[in-house]
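Residues in the sequence shown are numbered consecutively from 1, following the UniProt record's numbering. The beta-carbon is built from N, C-alpha and C at its ideal position, and this holds for glycine as well. All of these numbers come straight from a predicted model, not from anything done at the bench.
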Amino acid sequence: MDDQHKNFKDIHWDPTCYLWNEPGDWNRIKRIIAVGVLTARHPEPLTKHNKAGGNIHV
1 MDDQHKNFKD
11 IHWDPTCYLW
21 NEPGDWNRIK
31 RIIAVGVLTA
41 RHPEPLTKHN
51 KAGGNIHV
C-alpha cells in the first residue's frame, strides 16, 4: 500500500451507523471526507451492463 492511501485503513467501518439510518459506505466516506480527502465523480460511467439474451432476471 502506498503512503498516499495507508491511512484509510485507520478509518474503520462503523457497525452502529444503522442507528442513524445511514448506510455503512456513506458513513465511512463521510468520515474520510471529514479528515480532508478531496473527492470527485468521473463524468462517464465506468462500467456497462449488457443484458444477456434469454436471461429475464437481469
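C-alpha distance - residue i paired with residue j, whole-angstrom precision
{"i": "I33", "j": "H49", "result": "30 Å"}
{"i": "N21", "j": "Q4", "result": "31 Å"}
{"i": "C17", "j": "V35", "result": "18 Å"}
{"i": "R31", "j": "D25", "result": "10 Å"}
{"i": "L38", "j": "T47", "result": "23 Å"}
{"i": "A40", "j": "P23", "result": "20 Å"}
{"i": "N7", "j": "L19", "result": "26 Å"}
{"i": "H12", "j": "E44", "result": "29 Å"}
Proximity of residue i and residue j at Cβ, strictly below 8 Å
{"i": "D14", "j": "N27", "result": "yes"}
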